[in-house]
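Residue numbers for the sequence shown follow this note's numbering, so the first one is 9 and each next one is one higher.
Note that beta-carbon positions come from the ideal geometry of N, C-alpha and C, so glycine has one too.
Structure first, then comments.
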Amino acid sequence: MAPLNTAPPTESVRVLIVDDESLMRSGLRLMVDGTAGITVIGEAADGPTALSQIRVLDPDVVLMDIRMPGMSGIEATVELTRAGARARVVVLTAFDADGFLVEALRAGAVSFLLKDSSPEAVVDAIHGAVQGHAQFSPAVLDRLVRIASREEAGSFPGGSHRSGPDEAGRAHDGTTTPARESEGPSALTPREWDVGRLVAQGLTNAEISDALVLSLPTVKTHVSHLFDKLLVTNRVQLAIRILEHDS
Numbered sequence: 009m010a011p012l013n014t015a016p017p018t019e020s021v022r023v024l025i026v027d028d029e030s031l032m033r034s035g036l037r038l039m040v041d042g043t044a045g046i047t048v049i050g051e052a053a054d055g056p057t058a059l060s061q062i063r064v065l066d067p068d069v070v071l072m073d074i075r076m077p078g079m080s081g082i083e084a085t086v087e088l089t090r091a092g093a094r095a096r097v098v099v100l101t102a103f104d105a106d107g108f109l110v111e112a113l114r115a116g117a118v119s120f121l122l123k124d125s126s127p128e129a130v131v132d133a134i135h136g137a138v139q140g141h142a143q144f145s146p147a148v149l150d151r152l153v154r155i156a157s158r159e160e161a162g163s164f165p166g167g168s169h170r171s172g173p174d175e176a177g178r179a180h181d182g183t184t185t186p187a188r189e190s191e192g193p194s195a196l197t198p199r200e201w202d203v204g205r206l207v208a209q210g211l212t213n214a215e216i217s218d219a220l221v222l223s224l225p226t227v228k229t230h231v232s233h234l235f236d237k238l239l240v241t242n243r244v245q246l247a248i249r250i251l252e253h254d255s
């Protein structure tokens, strides 16, 4: 695969839709195009066409189906990751089997949504993907928590496949900082517990904002504090820590 443009994304989030069903592609375009600063710049019905479109169109985010003829969405994601594409992959599929989920995350996908997700969840995942933030459907998050609980430390299937900052802004350089009194579950405020438990239920930041009657920037600040205090780097790890404490 030829080298891809690595320039920073434009202000408008440019999206490529990849799905072998034309009706699904049309529906997704109607759902997100022109919504909250999102522009759909192209469509593809299979993996090879998607790779070609990405080289030419240089999208910020790819909405990727999994099961497609020829090259699957997971195989296409592997190729994008190997090529160093800056496009972030959000998997959008009807299949939530553990195998698909783990393979997609290991391939480099940022988020994994089911096709029955709300328009708000899809839009939130697109914007989150640009910043490297993971987003999962509630049912998928439940599966991830169960899968991760079986994994040894350091082998979590959703670990980062990219360099750069994590969801809390820390570098993926393997360094650690000395423990502080402000770290751990005991350091969380009541409001941070409220936010953390809703994250563990699979809610997006926007949904948490509505549920707790907080501004979106305030919710994002609470989530960032949760990452720092619980020493986690993504929402799945955060959910696991919250559920472990509550169990």
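(1) By how many angstroms is the C-alpha of L38 removed from the C-alpha of R131?
(2) When you compare only the Cα positions, how much space is there between A187 and L251?
(3) Please classify V240: does DSSP put it in a helix, a strand, or coil?
(4) Quick one: give me the first and last residue of the alpha helix (DSSP H) that V40 is part of.
(5) Under 7 Å Cβ to Cβ from A247, same chain only, skipping five residues before and after it: list those, please.
(6) Taking only three categories from DSSP, how would you classify A117?
(7) Name the two residues that bound the continuous beta strand (DSSP E) containing R49.
(8) Expressed to the nearest angstrom, what Euclidean distance is found between the alpha-carbon atoms of R90 and T47?
(9) By Cβ distance, which residues of its chain are closer than 7 Å to L239, with the 5 residues on each side in sequence left out?
(10) Between which two residues does the beta strand (DSSP E) carrying T101 extend?
(11) Taking the C-alpha atoms as reference points, what is the distance between K123 and G210?
(12) Assuming V98 and L65 make a contact with CB atoms under 8 Å, what is their CB distance in whole Å?
(13) Tell me which same chain residues have a C-beta within less than 7 Å of the C-beta of W69, skipping the five on either side of it?
(14) Please determine, among G92, A112, S223 and Q143, the residue with the shortest C-alpha to C-alpha distance to I82.
(15) Give me the Cα-Cα distance between D258 and S194, rounded to the nearest whole angstrom.
(16) Does DSSP classify L24 as helix, strand or coil?
(17) Could you tell me which residues DSSP puts in a beta bridge with F144?
(18) Let's see if you can read the secondary structure: which residues bound the beta strand (DSSP E) around V258?
(19) How is P198 classed by DSSP in three states: helix, strand or coil?
(20) Using only alpha-carbon positions, find the residue among P56, I74, L88 and E87 that is nearest to D106.
(21) If you reduce the DSSP assignment to three classes, tell me which class T43 lands in.
(22) Leaving out five residues before and five after S125 in sequence, what residues of the same chain have Cβ atoms less than 7 Å from its Cβ?
(23) Provide the residue span of the alpha helix (DSSP H) that contains R63, from first to last.
(24) Measuring only the C-alpha atoms, how far is L220 from V203?
(25) So E191 is in the alpha helix (DSSP H); what residue range does that whole segment cover?
Reading off the structure:
(1) Residue 131 sits at position 123 when you count from the first residue of the sequence shown. Residue 38 sits at position 30 when you count from the first residue of the sequence shown. A small fix is needed here, since residue 131 is Val in this sequence, not Arg. Approximately 12 Å between the Cα atoms of the pair.
(2) Within the sequence shown, the letter at position 179 stands for residue 187. Within the sequence shown, the letter at position 243 stands for residue 251. Unreliable positioning characterises A187 in this predicted model, as indicated by a pLDDT of 47, which lies under 50. The coordinate reading is nonetheless provided below. Cα-Cα distance, rounded: 22 Å.
(3) Here the question's residue 240 lines up with position 232 in the sequence shown. V240 falls in the coil class under three-state DSSP.
(4) Position 32 of the sequence shown, counting from 1, holds the residue named residue 40. Looking at the DSSP string, the run of the alpha helix (DSSP H) that includes V40 is S30 to V40.
(5) In the sequence shown, the residue the question calls residue 247 occupies position 239. The residues are L149, V153, V207 and A208.
(6) Here the question's residue 117 lines up with position 109 in the sequence shown. Coil, per DSSP.
(7) For the purposes of this step, residue 49 is identified with residue 41 of the sequence shown, where counting begins at 1. First, the amino acid is wrong: residue 49 is Ile here, not Arg. Counting along the chain, the beta strand (DSSP E) containing I49 begins and ends at I46 to A52.
(8) To locate residue 90, count along the sequence shown from 1; it is residue 82. To locate residue 47, count along the sequence shown from 1; it is residue 39. Rounded to the nearest angstrom, the two C-alpha atoms are 26 Å apart.
(9) One-based indexing of the sequence shown puts residue 239 at position 231. Result list for L239: E191, in chain order.
(10) Working through the sequence shown from its first residue, we reach residue 101 at position 93. Residues R96 to T101.
(11) Along the sequence shown, one-based indexing puts residue 123 at 115. Along the sequence shown, one-based indexing puts residue 210 at 202. Their Cα atoms are separated by approximately 15 Å.
(12) Position 90 of the sequence shown, counting from 1, holds the residue named residue 98. Position 57 of the sequence shown, counting from 1, holds the residue named residue 65. Not really, about 16 Å apart at Cβ, beyond 8 Å.
(13) On the sequence shown, position 61 is the one that residue 69 refers to. Here residue 69 is Val; the residue named in the question, Trp, does not match the sequence. Closer than 7 Å at the Cβ level, and outside the excluded window around V69, lie V21, V23, A95, R96, V98, I134, A137 and V138.
(14) Working through the sequence shown from its first residue, we reach residue 82 at position 74. Ranking G92, A112, S223 and Q143 by Cα distance to I82 puts A112 first.
(15) Outside the modelled stretch of the chain, which goes from 9 to 255, sits residue 258, for which no answer is possible.
(16) For the purposes of this step, residue 24 is taken as the residue at position 16 of the sequence shown. It is a strand residue.
(17) Taking the first residue of the sequence shown as 1, we reach residue 144 at position 136. According to DSSP, F144 bridges with F120.
(18) In the structure displayed, the chain extends from 9 to 255; residue 258 sits before or after that span and is not available.
(19) The residue given as residue 198 occupies position 190 in the sequence shown. Correct three-state label for P198: helix.
(20) Reading the sequence shown from its first residue, position 98 is the one you call residue 106. For the residues P56, I74, L88 and E87, the minimum Cα distance to D106 belongs to I74.
(21) Reading the sequence shown from its first residue, position 35 is the one you call residue 43. Three-state result, T43: coil.
(22) In the sequence shown, the residue the question calls residue 125 occupies position 117. Once the five neighbours on either side are set aside, the close Cβ partners of S125 are S145.
(23) Stepping through the sequence shown from its first residue, residue 63 is reached at position 55. G55 to L65 is the span of the alpha helix (DSSP H), which, as asked, contains R63.
(24) Numbered from its first residue, the sequence shown carries residue 220 at position 212. Numbered from its first residue, the sequence shown carries residue 203 at position 195. Looking at the two C-alpha atoms, the distance is approximately 8 Å.
(25) Working through the sequence shown from its first residue, we reach residue 191 at position 183. Neither: E191 is in no alpha helix (DSSP H) and is coded neither H nor E.
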